[in-house]
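Residues 1 to 146 in UniProt numbering are what the sequence shown spells out, letter by letter. Below is one structure, written out as structure tokens; comments come after it.
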Amino acid sequence: MPVLAPRAHISHPVTTRRIGVLSLRVDEFSPAVAAGHRVVDIRDQRERDTHGVIAGALAIDAAIVVDRLVPDTAESLRGITADTRWLLVGADGHDAEWLTWHLHARGVPGARFLLGGHRALRSTRDLGHRPLSASQRRDLAVISAH
């Protein structure tokens, strides 16, 4: 008969919030942006140079994106909150999914990822015809003012 280790004493219950759907399909991309999701392109620069940028997206390297999108740390982007809604877009969606799970674990429940990533967006052939959100219009106004 195997010897069992003593049960660990848990001083407090472990709880978590229910996580809804973490992914969005390509046909949900435009409505999500219009509803206020901020698009984050986590592809490397070589991928962006080869396949193009995503208009209005923040380009943040996958290696540091979790640190940048979790609020109230020294590495956080300014002005973000735990309620900010992010839409991560990688090359094929796999890396963005993994990073979205990490964002949820660090208290950012509004993070989502695009199924199929940039490849799926490219397949729709209308990358330049997506509506801009209010935050994207503000970002573009700041950039064009310089």
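No residue lacks a Cβ here, since even glycine has one placed at the ideal position from N, Cα and C. In this text, all values refer to a predicted model and were calculated from it rather than measured experimentally.
List the endpoints of the continuous alpha helix (DSSP H) containing residue i.
i, result
"Asp49", "45-51"
"Gly117", "117-124"
If I follow the unbroken beta strand (DSSP E) through residue i, where does it start and stop?
i, result
"Leu114", "111-114"
Report all residues from its chain with a CB closer than 7 Å to the CB of residue i; omit the five preceding and five following residues, and keep chain order.
i, result
"Gly110", "Asp83, Thr84, Arg85, Trp86"
"Arg25", "Leu115"
"Val21", "none"
"Arg122", "His51"
"Ala5", "Model confidence at Ala5 stands at a pLDDT of 48, short of 50, so the residue's coordinates are unreliable; what they give is reported in the following sentence. Around Ala5: no qualifying Cβ."
"Thr73", "Asp67"
Under 8 Å by Cβ, that's how I've got residue i and residue j pegged, so tell me the actual separation to the nearest angstrom.
i, j, result
"Ile60", "His118", "Rounded, the Cβ-Cβ distance is 14 Å, inconsistent with contact."
"Ala96", "Ile42", "6 Å"
Nearest by alpha-carbon distance to residue i: which of the options is it?
i, options, result
"Asp67", "Phe29, Asp27, Thr100", "Thr100"
"Ala32", "Arg112, Arg122, Thr124, Gly93", "Arg112"
"residue 147", "Val40, Ser23, Ala62", "This structure does not reach residue 147, given that the chain is present from 1 up to 146, and the question cannot be answered."
"Glu47", "Thr124, Ala120, Ala91", "Ala91"
"Ala63", "Gly56, Asp44, Asp49", "Asp44"
"His94", "Ala74, Glu75, Gly79, Ala120", "Ala120"
"Leu103", "Ser23, Leu58, Val65", "Val65"
Using C-beta distances below 8 Å, list every residue in its chain close to residue i, excluding the 5 sequence neighbours before and after it, in chain order.
i, result
"Val108", "Leu69, Val70, Pro71, Ala82, Thr84, Trp86"
"Val89", "Val39, Val40, Asp41, Ile42, Arg43, Ile54, Ala57, Ala96, Phe113, Leu114, Gly117, His118, Leu121"
CB-CB under 6 Å to residue i, same chain, minus the five flanking residues each way: which ones, in chain order?
i, result
"Leu77", "Arg68"
"His37", "Arg85, Leu87"
"Leu58", "Val40"
"Ile80", "Pro71"
* **alpha helix (DSSP H) runs contained entirely in the region 31-95, provided each spans 4 or more residues** => 45-51, 65-69
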